[in-house]
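When you number the sequence shown by the working numbering, it's gap-free, plus one each residue, and the end is 340.
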Amino acid sequence: MKLLKQTKLVFHEGRSDKVYEIDLCEVGTNQFVVNFRYGKLGGALKDGSKTVAPVKRDEADRVFDKLVRSKIESGYVDASTARPTAAPAPTAARVPAPPPAPGTVPVSRDPRAQKILERLAATGSDRRWFRGSTSAPTWPLERAIWRAGELGIKEAEPQLIALINTATSSDVDGGGKGMRDYCIAWALGRCGSAAGARALAELYGDRRTPDHVKRIAAESLLLLSDAESNAEFKAHHIDRLPAPLKAAALTGDPEAFAAALDAFPLDQHASVLHELYLADTPVTRPAFLDALGKSPLRAPLFQQLRYIFKAAELRRDARVFGIFGYRVETTAANYKRSYR
Numbered sequence: 001m002k003l004l005k006q007t008k009l010v011f012h013e014g015r016s017d018k019v020y021e022i023d024l025c026e027v028g029t030n031q032f033v034v035n036f037r038y039g040k041l042g043g044a045l046k047d048g049s050k051t052v053a054p055v056k057r058d059e060a061d062r063v064f065d066k067l068v069r070s071k072i073e074s075g076y077v078d079a080s081t082a083r084p085t086a087a088p089a090p091t092a093a094r095v096p097a098p099p100p101a102p103g104t105v106p107v108s109r110d111p112r113a114q115k116i117l118e119r120l121a122a123t124g125s126d127r128r129w130f131r132g133s134t135s136a137p138t139w140p141l142e143r144a145i146w147r148a149g150e151l152g153i154k155e156a157e158p159q160l161i162a163l164i165n166t167a168t169s170s171d172v173d174g175g176g177k178g179m180r181d182y183c184i185a186w187a188l189g190r191c192g193s194a195a196g197a198r199a200l201a202e203l204y205g206d207r208r209t210p211d212h213v214k215r216i217a218a219e220s221l222l223l224l225s226d227a228e229s230n231a232e233f234k235a236h237h238i239d240r241l242p243a244p245l246k247a248a249a250l251t252g253d254p255e256a257f258a259a260a261l262d263a264f265p266l267d268q269h270a271s272v273l274h275e276l277y278l279a280d281t282p283v284t285r286p287a288f289l290d291a292l293g294k295s296p297l298r299a300p301l302f303q304q305l306r307y308i309f310k311a312a313e314l315r316r317d318a319r320v321f322g323i324f325g326y327r328v329e330t331t332a333a334n335y336k337r338s339y340r
């Protein structure tokens with residue numbers, strides 16, 4: 001990401017000292033974004049973007065100028081012409097800026113983040129990218145997308161959104177149909193904002209979206225949505241449970257639900273476990289955790305258990321992730337495949 005233009009505005013009124021910074025950045029060939037930061041002068045700033053996806057330079061200039069004008073009209077002035085603020089008393093200790101929020105990576109401080117943003121912008125199939133040689137394999141875009149989520153690179157959000165539904169069968173690094181969108185949905189759950197939630201909602205609601213992409217998009221939406229939306233989502237998945245389990249869940253009694261789940265033939269209804277993890281209420285969770293600890297790691301349950309494992313990784317659900325880690329380490333292999 002290359003910074004092309006920046007404006008710093010300040011607002012002084014009584015004891016209120018605020019700052020608003022606006023950046024115009026180049027993120028790829030003829031791809032530009034307009035980002036902003038705001039908050040109390042000298043404190044930690046909140047950030048966002050005025051461009052949901054990268055735009056052309058003329059559009060980026062228009063968005064940049066419009067945002068500057070709107071802030072000036074609301075009382076902000078250019079920092080270079082504003083009155084100086086009072087200097088701190090000589091005896092006052094200078095309070096350092098708070099550290100970045102967990103999971104975020106300041107691009108200016110981490111060369112990994114810069115390299116990932118460059119790879120996200122280089123969306124072509126040029127095999128010379130990153131390695132500098134036509135004989136060496138390129139760095140798959142899907143790997144860079146996933147890494148952006150792992151590092152929580154919030155600056156990557158506009159590029160991730162722009163990459164949704166762009167993959168073809170010839171440029172995805174394995175994994176079958178939807179692998180790129182799966183990676184994007186996972187990454188947005190770690191580094192997305194309201195813009196990412198809107199993009200995920202569209203992806204989830206598109207009938208052409210493969211089921212495995214919808215599942216991980218739902219998980220990321222749970223991380224990005226507000227409490228009221230999440231409550232509605234969980235209630236929807238309780239309603240999708242088979243009748244005996246739904247009735248037991250609605251009693252509000254964890255023990256009654258545990259008894260109902262023990263008596264339920266999970267091997268005939270494997271998807272129930274994933275539905276329970278999506279609902280994940282105080283009533284259903286104890287029985288769900290117990291079921292994870294004893295459900296056989298083989299067909300027909302294994303595929304659903306694998307979905308839950310990936311969801312737990314995204315949620316950073318240490319309890320569920322730990323159960324899987326222990327069971328994988330203590331369960332003998334039961335699958336064989338012959339290779340020529």
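A virtual CB, placed ideally from N, CA and C, is assigned to each residue, including glycine.
Leaving aside the five residues before and after residue i along the sequence, list all residues of the same chain whose C-beta is less than 8 Å from its C-beta, in chain order.
i, result
"serine 295", "Leu266, Leu273, Leu301 and Leu305"
"valine 213", "Gly178, Asp181, Tyr182, Ala185 and Leu203"
"phenylalanine 321", "Phe309, Ala312 and Glu313"
Counting C-beta neighbours from all protein chains within 10 Å, is the total for residue i 16 or more, i.e. buried, or is it exposed?
i, result
"histidine 236", "exposed"
"arginine 131", "Residue placement at arginine 131 cannot be trusted, given a pLDDT of 49 that sits under 50; the coordinates are not used to answer."
"serine 49", "buried"
"threonine 166", "exposed"
"alanine 136", "Only weak support exists for where alanine 136 lies, its pLDDT of 49 falling under 50; the value from the coordinates is given anyway. Classification for alanine 136: exposed."
"threonine 29", "exposed"
"valine 328", "exposed"
"alanine 148", "buried"
"proline 210", "exposed"
"alanine 263", "exposed"
"glutamate 232", "exposed"
"glutamate 275", "buried"
"glutamate 228", "exposed"
"alanine 428", "It is not possible to answer for residue 428, since the shown part of the chain is limited to 1 through 340."
"leucine 141", "buried"
"threonine 168", "exposed"
"glutamate 73", "exposed"
"leucine 117", "buried"
Is residue i near the ligand ATP, going by C-beta to nearest heavy atom under 6 Å?
i, result
"glutamine 114", "Ligands are entirely absent from the displayed structure, and the ligand ATP is therefore not among its contents."
Can residue i and residue j be called in contact, C-beta distance under 7 Å?
i, j, result
"leucine 188", "leucine 160", "yes"
"arginine 37", "leucine 45", "yes"
"glycine 192", "glutamate 157", "yes"
"glutamate 21", "lysine 8", "yes"
"arginine 215", "tyrosine 326", "no"
"leucine 241", "alanine 197", "no"
"alanine 256", "alanine 243", "no"
"alanine 144", "arginine 112", "no"
"alanine 279", "lysine 234", "yes"
"tyrosine 76", "phenylalanine 11", "yes"
"valine 34", "phenylalanine 64", "yes"
"alanine 53", "alanine 122", "no"
"serine 330", "leucine 297", "Residue 330 is actually threonine in this sequence, not serine. Going by C-beta atoms, threonine 330 is not nearer than 7 Å to leucine 297."
"aspartate 78", "leucine 41", "no"
Between which residues of its own chain and residue i is the CB-CB distance below 7 Å, once the five residues before and five after are set aside?
i, result
"isoleucine 164", "Asp181, Ile184, Ala199 and Leu203"
"lysine 246", "Ile238 and Asp239"
"leucine 221", "Ala197, Leu200, Ala201 and Tyr204"
For residue i, does the three-state DSSP call read helix, strand or coil?
i, result
"valine 95", "The predicted position of valine 95 is uncertain, since its pLDDT is 43 and thus under 50; a value taken from the coordinates is nonetheless stated next. DSSP places valine 95 in coil when its eight states are reduced to three."
"lysine 310", "helix"
"serine 225", "coil"
"glycine 175", "Because glycine 175 sits at a pLDDT of 49, beneath the cut-off of 50, its placement in the model cannot be relied upon, and the following sentence gives the value as read from the coordinates. Three-state result, glycine 175: coil."
"isoleucine 323", "helix"
"glycine 196", "helix"
"valine 77", "strand"
"serine 271", "helix"
"phenylalanine 264", "coil"
"leucine 117", "helix"
"threonine 330", "helix"
"glycine 28", "strand"
"aspartate 181", "helix"
"leucine 163", "coil"
"leucine 301", "coil"
"glycine 205", "helix"
"proline 254", "helix"
"proline 286", "helix"
"glycine 149", "helix"
"glycine 293", "helix"
"arginine 316", "coil"
From the DSSP output, read off the bridge partner residues of residue i.
i, result
"lysine 56", "Partner(s): none; lysine 56 has no beta bridge."
"aspartate 239", "Answer by DSSP bridge pairing: none, since aspartate 239 is not bridged."
"aspartate 47", "Arg37"
"tyrosine 20", "Leu9 and Tyr38"
"lysine 154", "DSSP lists no partner for lysine 154."
"lysine 2", "Glu26"
In chain order, what residues of the same chain have a beta carbon less than 6 Å from the beta carbon of residue i, not counting five sequence neighbours either side?
i, result
"proline 254", "Val283 and Pro286"
"aspartate 47", "Arg37"
"arginine 190", "Gly149 and Gly152"
"glutamine 6", "Asp23"
"leucine 292", "Ile323"
"lysine 71", "Leu9 and Tyr20"
Should residue i be flagged as near chain D, meaning a C-beta pair shorter than 7 Å?
i, result
"glutamate 142", "Of the protein chains in this structure there is only one, and it is not chain D."
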